[in-house]
Each structure stands twice: as C-alpha cells, then as structure tokens.
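Inspection log for the structure reproduced underneath, given as structure tokens.
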Amino acid sequence: MSKFFTSSIGQKFFMSITGLFLMMFLIVHLILNSLLLFGDGELFNQAANFMSSNPIMKIVEPVLALGFIVHIVYASYITLKNQMARPQKYKVANKAKASWASKNMYILGGLVFVFLVIHLANFFWKIKFGTVAAISYDGGQTELHDVYGLVVGLFKGWWWYDALYIAGAIFLFLHLTHGFWSAFQTIGWDNDKWISRLKVIAYIYAVIIAGGFAFIPLFFLVKYVV
Amino acid sequence: MKIKLNIWKQANAKAKGKFEKYELDGVDTEMSFLEMLDSLNEKLIKEGKEPVAFEHDCHEAICGCCSLYINGHPHGPGSETATCQVHMRSFKDGDTITIEPWRAKGFPVLKDLMVDRNAFDKIMSAGGFVSIDAGQAPDANANLVGKIDADKAFDAAACIGCGACVAACKNSSATLFVAAKVSQLALLPQGKVEAKRRALNMVAKMDELGFGSCTNTGACEVECPKGIGIDFIAKLNREYLCASFSESE
Ligand code: HEM
Ligand code: SF4
Ligand code: FES
Chain A
1 MSKFFTSSIG QKFFMSITGL FLMMFLIVHL ILNSLLLFGD GELFNQAANF
51 MSSNPIMKIV EPVLALGFIV HIVYASYITL KNQMARPQKY KVANKAKASW
101 ASKNMYILGG LVFVFLVIHL ANFFWKIKFG TVAAISYDGG QTELHDVYGL
151 VVGLFKGWWW YDALYIAGAI FLFLHLTHGF WSAFQTIGWD NDKWISRLKV
201 IAYIYAVIIA GGFAFIPLFF LVKYVV
Chain B
227 MKIKLNIWKQ ANAKAKGKFE KYELDGVDTE MSFLEMLDSL NEKLIKEGKE
277 PVAFEHDCHE AICGCCSLYI NGHPHGPGSE TATCQVHMRS FKDGDTITIE
327 PWRAKGFPVL KDLMVDRNAF DKIMSAGGFV SIDAGQAPDA NANLVGKIDA
377 DKAFDAAACI GCGACVAACK NSSATLFVAA KVSQLALLPQ GKVEAKRRAL
427 NMVAKMDELG FGSCTNTGAC EVECPKGIGI DFIAKLNREY LCASFSESE
C-alpha cells in the first residue's frame with residue numbers, strides 16, 4: 001500500500017478522484033450561478049450570502065482548495081515524469097489518431113488555473129477580504145453583500161472580462177471532454193462497451209458545464225453592452 | 227519505383243546517432259518493407275558501406291521483433307499490421323520514408339534501428355506467469371472457463387510484446403502491454419492464484435524501468451498490431467486498485 005502513492009496507477013488514482021470531486025463542485029457552482037439569470041439579483045444574493053455564511057462552507061472551502069492542490073501537484077509531477085520517459089524525441093511526431101485535448105491536458109489545465117487565479121481575485125478575494133457594497137431587501141433589518149452587483153458590474157464595465165470568462169469556459173470544456181471519461185477509465189470503471197458511452201456522456205457534461213458558464217457573461221453582454 | 231530514405235544511424239548504445247539519407251532505385255511495389263531494407267543493405271555492402279541494422283525474425287507478425295517507427299507510425303502505415311506485413315505498395319514513387327527506432331527511456335538503442343526490449347522480459351519475470359500442478363497433464367475440461375472470459379483472455383493473449391504501444395505513447399508508457407498480460411492471466415482460473423501480486427509487481431517493475439504513466443490518450447490501441455483495446459487498461463487499473471487496497475504485504 002505504501003507503494004501506491006508513488007506508483008503510476010496510484011498517482012493517477014488521486015488525479016481522477018480529485019478530478020471527479022472538482023467536476024461535482026462545478027455542477028453545484030453552475031446551479032448557484034444560474035440564479036444570476038433570474039430576476040433583479042435578490043435570489044442570487046440570498047443564495048450567495050447563504051453559502052458564504054454557512055458553517056459547512058468552513059469545511060467545504062479548504063477541502064475544495066485541497067482538491068485543486070492535489071490535482072495540480074500530481075498533474076505537474078506526472079507530466080514531468082512522463083516527459084522524462086522519452087529522453088530523445090522523434091523526428092516525425094506520432095501521427096496516431098488521438099484527441100488533441102487528451103495530449104494537451106497539462107496546457108489546458110494550466111490555462112484553467114490561470115483563469116482560476118483571476119476569477120478568485122475578481123470575486124472570492126473581494127467578498128472574503130475586500131469591500132463589497134451592502135444591500136438590504138427587508139428595509140435594512142438584514143444587510144447582505146451585493147455580490148450580484150459585483151458580478152454585473154464586472155461583466156457590464158469591461159467587455160474583455162466577458163471574453164476572458166468565455167475563454168475560461170472553452171479551456172474547461174476541452175479539459176473536461178477528455179477528463180470526464182478518463183477519470184472513469186483510471187479508476188477501472190470502464191469496459192469495451194462503456195468507453196464509447198462515457199465519451200458521449202463526457203461531451204454532454206462538458207457542453208452543459210462549459211456552455212452554462214459561458215452563457216452567463218454572454219447574457220450580461222447582450223443585456224447591457226450590446 | 228524510386229524512394230528516398232531517411233534512416234537513424236547510431237554506431238552503438240553510447241554513440242551519438244544521426245539521420246542518414248539514402249536513395250534506392252528499382253523498388254518493386256510487391257516487395258515487403260523488410261525486403262526493401264534488405265535490398266538497401268545489399269547495395270550498401272556492394273558499395274563497401276556499413277549496412278543498416280534492424281531487427282526481424284518471424285515475418286508473420288507473431289514474434290514482435292520488427293520494431294520500426296516509419297513516418298510517424300510504429301510499424302508503419304496500415305492498421306493492425308506489424309512492420310513485416312507492410313508492403314511497398316503502401317508508398318508512392320518518389321516518397322521520402324523516415325525510419326526511426328522506438329524512442330523510450332525503457333528501450334535504449336543498441337545500434338541504428340535496433341532497441342533493447344529486455345525491459346519487457348523483466349516485466350514478465352516480475353509476474354507474467356502462473357503456478358501449475360506438477361505431474362500428469364490435467365484433463366482439458368477440468369477447468370471451466372466462461373465463453374466471454376475465454377474470448378477476452380484470448381484477445382489479450384494476442385499481444386506479441388512488440389512495444390509499439392510504448393513507441394506510440396507520448397508518455398512512453400508500457401501500460402497497454404502490462405494491461406494485456408495482466409488481464410489475460412487474471413481472466414483465467416489458472417491465473418487467479420497470483421492475480422493480486424502479479425498486478426502489483428508488474429506495474430512496479432514497469433515504473434522502475436522508466437516507462438511513463440498512462441494518460442488515456444488511446445494512441446497505443448490505434449497503433450497496436452494486434453488490436454489490443456484500452457478497455458484492458460481499465461481492467462488493469464481495476465486489478466491494481468483492488469490489489470492495493472486488499473493485499474496486506
Ligand atoms: C475545475 C477544474 C478542473 C477539473 C474539473 C479537472 C478535472 C479533471 C479530470 C476529471 C481529469 C481526469 C483524471 C484522470 O485521467 O484520471 C483531469 C486530468 C488532468 N488535469 Fe484536471 N481538472 C481541473 C483543473 C486542472 C488544473 C488547474 C490543472 C493543472 C495545472 C489540471 C491538470 C490536469 C492534467 C495534466 C490532467 C491529465 C492527467 C493525466 O491524464 O495523467 N487540471 N482533470
Ligand atoms: S499491446 Fe500491442 S503494441 Fe503493445 S506490446 Fe502488445 S502487441 Fe505490441
Ligand atoms: S518479424 Fe516477427 S512480428 Fe514482424
């Protein structure tokens with residue numbers, strides 16, 4: 001069992017478990033964000049404030065951060081080690097048909113990571129440590145962070161942020177088209193029948209998640225800017 | 227027809243190699259790829275030059291020796307074929323053919339296009355065997371094997387250990403080879419005894435010998451001359467994970 005953490009399959013096991021966990025998080029995140037699309041923001045603000053003040057989030061937040069860290073650390077280690085397994089490269093690169101995403105997972109993940117840092121600086125940091133305007137829906141009895149205002153302000157004020165968020169969704173889409181089914185393959189939950197099915201489900205999942213995240217900036221772009 | 231060749235030449239394991247250009251006239255479309263190389267070597271010998279070293283043996287796609295990386299494909303053009311089954315009709319007059327050895331840390335080049343594939347034997351010795359009772363041969367029907375398992379085991383057993391999966395993989399991973407061997411034995415009653423230790427030891431050996439890890443690109447299954455599918459890699463992962471969580475050693 002001690003060898004498990006350093007073995008090729010063991011390391012991939014942790015990548016896949018953290019990947020599956022992050023994919024579940026994306027579902028929850030998208031559902032909450034979709035509230036941005038309805039009404040004047042009260043619904044979203046209620047939900048966002050409920051989430052940030054919820055004691056469960058005190059546990060979920062570090063677990064989520066840990067999920068990202070483990071995923072990224074193993075990704076970097078595996079990618080480096082795999083590069084060293086071919087000290088002398090080919091003159092003619094292999095032409096076998098394999099999806100572009102599957103061969104560029106580290107680059108795609110890296111781009112997702114760059115997006116993630118900017119995204120955290122845009123919202124998470126401001127909500128946690130900065131100043132977010134207060135808003136009240138019951139005549140001043142309870143004050144809520146106006147996260148809706150923050151989001152709309154960003155997407156309304158700078159069109160390149162809309163472009164950036166859409167680009168982030170595209171990188172995530174490509175990462176997920178391979179990552180989704182690959183995670184099942186890694187934990188052994190796959191066979192000759194399920195490979196093609198899982199690849200289809202991967203595309204459906206990636207379209208819904210990335211399409212959903214890209215739709216939100218598009219929605220505000222059309223609503224306010226165009 | 228006339229073809230141009232761009233071939234990796236390397237005097238020995240330690241030497242620094244480089245690509246050498248050759249031109250070969252009078253190549254018949256019905257020649258096999260290996261016969262074409264033979265005729266190149268005859269020409270080189272007549273000219274007093276050093277022939278190109280390459281490996282081949284059975285010429286019927288069962289020994290796994292003919293490890294040539296041709297124009298970006300292990301075993302050259304065509305699917306489910308070994309180099310020894312490639313014919314010159316797959317090429318056109320005037321084509322340039324680039325031939326390289328397998329490139330992997332686990333398969334060091336010995337000379338020109340020949341690599342040392344001993345690493346696969348080491349992986350096999352680590353667990354690719356079964357224990358059987360000594361004495362008289364058992365009745366053929368003494369061990370019952372389900373039809374599906376028998377077929378799957380047979381598919382896996384088709385692996386000839388050629389190493390094309392390693393050559394094709396961007397990570398130089400030997401996972402498809404190990405998956406075929408582990409699955410073949412794990413599916414049959416004779417292989418059940420050592421199943422757990424086999425999965426653990428063969429994977430540990432593969433890692434130790436410097437092969438990369440699988441990132442599920444699927445390039446290996448496209449290039450495998452025996453059509454071994456990556457569903458066997460899922461099976462290997464299953465075997466390995468179950469063994470890791472249950473084996474007390
Ligand atoms: C929301 C964010 C992310 C999600 C949902 C996600 C999901 C996944 C999933 C499910 C896999 C498949 C695991 C497997 O093959 O077993 C994967 C693989 C991978 N991820 Fe991510 N990932 C995310 C972010 C990142 C980041 C930030 C990086 C790194 C810089 C990264 C790098 C990789 C790499 C290199 C692989 C391929 C590893 C391999 O196949 O060996 N990912 N990801
Ligand atoms: S799995 Fe296929 S490519 Fe790999 S060694 Fe076996 S026969 Fe060759
Ligand atoms: S020479 Fe034996 S497989 Fe090609």
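Line by line, the protein sequences are chains A and B. Under the working numbering, think of the first position of the first sequence as 1, with each following residue one higher. Under the working numbering, think of the first position of the second sequence as 227, with each following residue one higher. Quick reminder that beta carbons are idealized off the backbone N, C-alpha and C, glycines included. All of these numbers come straight from a predicted model, not from anything done at the bench.
Quick one: residues in its chain with C-beta nearer than 7 Å to the C-beta of B/ILE271, no 5 flanking neighbours on either side, listed in chain order? PRO277
8 Å Cβ cut-off: residues of chain A touching B/VAL429: For B/VAL429, the chain A residues whose Cβ falls inside 8 Å of its Cβ are SER7, SER8 and ILE9, in order along the chain.
Contacting residues, own chain, Cβ-Cβ under 8 Å from B/GLY302 (five flanking each side not counted): PHE259, LEU294, ILE296, THR309, VAL312 and SER316
Chain-ordered chain A contacts of B/PHE403 [CB-CB under 9 Å]: The premise fails here: B/PHE403 is roughly 13 Å from chain A at the closest Cβ pair, so nothing lies under 9 Å.
Say the cut is 7 Å; is the CB of A/THR79 nearer than that to a heavy atom of the ligand HEM? Yes.
Is B/PHE259 near the ligand SF4, with its Cβ less than 7 Å from a heavy atom? no
For A/PHE5, is the classification buried or exposed, using 16 other Cβ atoms within 10 angstroms of its Cβ as the cut-off for buried? exposed
Using only the heavy atoms of the ligand SF4, determine whether one of them is closer than 7 Å to the beta carbon of B/CYS284. Answer for B/CYS284: no, Cβ out of range of the ligand SF4.
In chain order, which continuous runs of the alpha helix (DSSP H) of length 4 or greater are located wholly inside the stretch 413-450 of chain B? 421-434 and 445-449
Buried versus exposed, by CB contacts within 10 Å (16 or more), A/ILE242: Missing from the structure shown is residue 242 of chain A; chain A here goes from 1 to 226 and no further.
Report the partner residues of A/HIS145 according to the DSSP bridge assignment. A/ALA134
For B/GLY453, which residues of its own chain have a beta-carbon under 6 Å away from its beta-carbon, when the five flanking residues on both sides are left out? Hits under 6 Å: GLU306.
Partners in chain A for B/SER439, counting only beta-carbon separations shorter than 9 Å: Around B/SER439, the beta-carbon contacts reaching into chain A at under 9 Å are SER7, SER8, ILE9, GLN11, LYS12, ILE78, LYS81, ASN82 and ALA85.
Does any residue of chain B bring its CB to less than 8 Å from the CB of A/ASP146? no
Relative to the C-alpha of A/MET84, which residue among B/VAL371, B/SER439 and B/PRO451 is closest? B/SER439
On the DSSP bridge assignment, give the partners of B/GLU249 in chain order. B/LYS230
Does any heavy atom of the ligand SF4 sit closer than 7 Å to the C-beta of B/GLY361? no
Here's a check: name, in chain order, each residue in its chain whose Cβ is nearer than 7 Å to the Cβ of A/THR142, leaving out the five neighbours to either side. SER136
Three-way DSSP call (helix, strand, coil) for B/SER258 in this model: strand
Which residues DSSP lists as bridging B/LYS235, in chain order: B/LYS244
Check whether chain A comes within 8 Å of B/HIS301, counting only Cβ atoms and requiring the distance to be less than that. no
Spell out a yes or no on whether the stretch 208-221 of chain A and the stretch 168-183 of chain A are touching, meaning 3 or more CB-CB pairs, one atom from each, closer than 8 Å. yes
Just how far apart, CA to CA, sit A/VAL114 and B/ALA287? 48 Å
Throw me the rounded Cβ distance for the B/ILE386 and B/CYS289 pair, which I believe falls under 8 Å. 7 Å
Just by C-beta distance, which residues in the stretch 164-186 of chain A are closer than 7 Å to chain B? Of all residues in the stretch 164-186 of chain A, the ones placed with a Cβ closer than 7 Å to any Cβ belonging to chain B are SER182, GLN185 and THR186, in chain order.
Any idea which residues DSSP pairs B/GLU326 with across the strands? Paired residues: B/TYR295.
Assuming contact is defined by CB atoms lying nearer than 8 Å, are B/SER177 and B/LEU426 in contact in what I supplied? What is shown of chain B runs 227 to 475, which leaves residue 177 of chain B out entirely.
Sort A/ALA93, A/LYS223, A/VAL207 and A/TRP194 by Cα distance to A/ALA169 and report the nearest one. A/VAL207
The beta strand (DSSP E) enclosing B/LEU339, as first and last residue numbers: Careful: B/LEU339 lies outside any beta strand (DSSP E) and carries neither H nor E.
In the stretch 65-117 of chain A, which residue ranges form an unbroken beta strand (DSSP E) of at least 3 residues, counting only runs that do not cross its ends? none
Where DSSP assigns a beta bridge to B/PRO300, which residues make up the other side? B/TYR295
Taking all protein chains shown into account, do 16 or more other C-beta atoms lie within 10 angstroms of the C-beta of B/GLY353, making it buried, or fewer, making it exposed? buried
What whole-angstrom Cβ distance do B/THR443 and A/ALA98 have, given they're in contact under 8 Å? 4 Å
Under 7 Å by beta carbon: chain A residues contacting B/TYR466: ILE9
Burial state of A/ALA202 (16 or more Cβ within 10 Å): buried
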